[in-house]
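A.B. asks:
Residue numbers (my numbering), protein chains in the order written: chain G, 1 to 165; chain L, 166 to 330.
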C-alpha cells in the first residue's frame, strides 16, 4: 500500500488523493472513538461482574452448609440425656450461626411477616385466629437465609388464612 | 479544524498537505492498534480476575466454618453416654465434610508426609522411631484444608525428628 502512494506523491498530488486520505483519517478516528467507548464499558463491567462472581461463589459455597445446620438443629431439637455432650453441641451450633454471619449469610426474620413468595415457600396453610393474621407467616419449618441483599434460601413456612368466625 | 483544511483544498493541494495527512493517518492507525491490544489484554484479565475473585470469596466464606467443624470434632471426640444423640451428631459431621467438599474444600492427607512449611504448621516435635521418619509428620492436631489448588488452612502438626539410637 505504501509504494503506490509514494509514486503518486512523486507524480504530484491531486485533490482526489487528499480527499481519500481525509476520509481514511476520519474513519480511523471514528473507529478509535468506538473502540475507546467499548474499552470504557468493558472496564466498568469488570468491576460489577467481579462483585457478581464473588456473590455467586459465596452462594454456591454456603448453600450446602445450610443443610448441615438444619441437621444439627434437628439433632438439638430431639434433646439428649447427656447434658455435657448436648451443651458442647449447642455451643457448636452458636459458632455455626456466627461463622455463617461472618461469611455474609443471615437468617431472615419470618414469623408474623406478611407472606412474600419472593422469600417464602408456602408448605401449607393454617386457619388464622384473627383477620389481621390473614396471609401472614404462622410458623417456619425451615429458616430462610439472605446473603447481603440477595436470597440465599427461601424460608419454608406455614401461611395463616382467615376464613371468618 | 475542518475549516482551514477545506480552505487549503480550495487553494490547491500541496505535497506537504498530503504528507501531513499521511502522518496523521499513520498515527491514528498506530493509536488504534495499541488500544486494540489493551482491549484484548483487559478481556483476558476479566476471565482470570473473575476466577481469582471467586476463589477468594470461597476462601473467606469457608475459613470460619472450619473452626465450627473443629468444635464439632472436639465434641465427638469427647464421646457421649447418649448413643442416639451421638449418632445424630456424627451424621451431621459427615454431612459437614461432604458440604465442604461440594464447596471445593478438601482435607489434606498429612500423617506420614514429609514436613512441608507451605502446608504444615509445626506445633512441636517428637522423637522419630527410625531415620526414615525424620522430618515427617507424626501427628495432626488440626486438619489442613485445600481449596482446589490453593491452601485454605495449613495443618497443625507434630514433626518427627531422628536423633539416632
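Glycine included, each C-beta is placed from N, C-alpha and C at the ideal position.
In chain order, which continuous runs of the beta strand (DSSP E) of length 3 or greater are located wholly inside the region 32-118 of chain G?
C.D. replies: Segments of the beta strand (DSSP E) lying fully in the region 32-118 of chain G: 105-107.
A.B. asks: Given a threshold of 16 other Cβ atoms within 10 Å of its Cβ, counted over all protein chains shown, does residue 182(L) qualify as buried or as exposed?
C.D. replies: Residue 182(L) comes out buried.
A.B. asks: Report the CB separation of residue 215(L) from residue 163(G) in whole angstroms; it is logged as a contact under 8 Å.
C.D. replies: Going by Cβ atoms, the distance from residue 215(L) to residue 163(G) rounds to 52 Å, so no, they are not a contact pair.
A.B. asks: Would residue 324(L) pass as a contact of residue 303(L) if the rule is Cβ separation under 8 Å?
C.D. replies: Going by C-beta atoms, residue 324(L) is nearer than 8 Å to residue 303(L).
A.B. asks: Which residue from 111(G), 62(G), 83(G) and 82(G) puts its Cα closest to that of residue 103(G)?
C.D. replies: Of 111(G), 62(G), 83(G) and 82(G), the residue nearest in Cα terms is 62(G).
A.B. asks: Looking at the secondary structure, which residues open and close the beta strand (DSSP E) in which residue 319(L) lies?
C.D. replies: First-last for residue 319(L): undefined, no H or E at that position.
A.B. asks: Tell me which same chain residues have a C-beta within less than 8 Å of the C-beta of residue 86(G), skipping the five on either side of it?
C.D. replies: Within the same chain, residue 86(G) has close Cβ partners 76, 79 and 80.
A.B. asks: Is residue 257(L) near residue 309(L), with beta carbons less than 8 Å apart?
C.D. replies: Against a cut-off of 8 Å, the Cβ pair of residue 309(L) and residue 257(L) comes out as no contact.
A.B. asks: Per DSSP, what kind of secondary structure is residue 138(G) in: helix, strand or coil?
C.D. replies: Of the three classes helix, strand and coil, the one that applies to residue 138(G) here is strand, per DSSP.
A.B. asks: Starting from the beta carbon of residue 150(G), find every residue of chain L whose beta carbon is closer than 9 Å, and list them in chain order.
C.D. replies: What residue 150(G) touches in chain L: nothing, since even the nearest Cβ is about 13 Å away.
A.B. asks: Run down chain G in chain order and give the residues with a C-beta less than 7 Å from the C-beta of residue 229(L).
C.D. replies: Within 7 Å Cβ-Cβ: 99, 102 and 103.
A.B. asks: Return no unless some Cβ of chain G is closer than 8 Å to the Cβ of residue 257(L).
C.D. replies: Chain G, which has a Cβ nearer than 8 Å to the Cβ of residue 257(L), makes this yes.
A.B. asks: Return no unless some Cβ of chain G is closer than 8 Å to the Cβ of residue 251(L).
C.D. replies: So, interface residue.
A.B. asks: What are the boundary residues of the beta strand (DSSP E) that includes residue 286(L)?
C.D. replies: 285-292 is the extent of the beta strand (DSSP E) around residue 286(L).
A.B. asks: With a CB to CB cut of under 7 Å and the five nearest residues on each side skipped, what residues in its chain are close to residue 122(G)?
C.D. replies: Answer for residue 122(G): 115, 157 and 159, listed in chain order.
A.B. asks: Touching or not, the region 221-239 of chain L and the region 28-47 of chain G, by the rule of three or more beta carbon pairs under 8 Å?
C.D. replies: Output reads no: the region 28-47 of chain G does not touch the region 221-239 of chain L.
A.B. asks: Does residue 184(G) come within less than 8 Å of chain L when only Cβ atoms are used?
C.D. replies: Not covered by the structure: residue 184(G). The range shown for chain G is 1 to 165.
A.B. asks: Compare the C-beta of residue 146(G) against all C-beta atoms of chain L and say whether one is closer than 8 Å.
C.D. replies: For residue 146(G), the answer is no, since every Cβ of chain L falls outside 8 Å of its Cβ.
A.B. asks: Give every residue of the same chain whose Cβ lies closer than 8 Å to the Cβ of residue 65(G), excluding the five residues on either side of it in the sequence, and list them in chain order.
C.D. replies: Contacts found: 100.
A.B. asks: Quick check: the Cα distance between residue 6(G) and residue 180(L), rounded to an integer number of angstroms?
C.D. replies: Its pLDDT being 48, under 50, residue 6(G) is placed unreliably by the model, and nothing is read from it.
A.B. asks: Since residue 200(L) and residue 32(G) should fall inside the 8 Å C-beta cutoff, what is the C-beta to C-beta distance between them, to a whole number of angstroms?
C.D. replies: The pair is a contact, with the Cβ atoms about 7 Å apart (cut-off 8 Å).
A.B. asks: When we look at the beta-carbon of residue 306(L) and count the other beta-carbons within 10 Å, is it buried (16 or more) or exposed?
C.D. replies: So residue 306(L) ends up on the exposed side.
A.B. asks: Quick test of your reading: residue 150(G) and residue 29(G), contact by CB under 8 Å. State the CB separation rounded to the nearest angstrom.
C.D. replies: That belief does not hold up - the Cβ atoms of residue 150(G) and residue 29(G) are roughly 43 Å apart, past 8 Å.
A.B. asks: Grouping DSSP H, G and I as helix and E and B as strand, with all else coil, what is residue 315(L)?
C.D. replies: DSSP places residue 315(L) in strand when its eight states are reduced to three.
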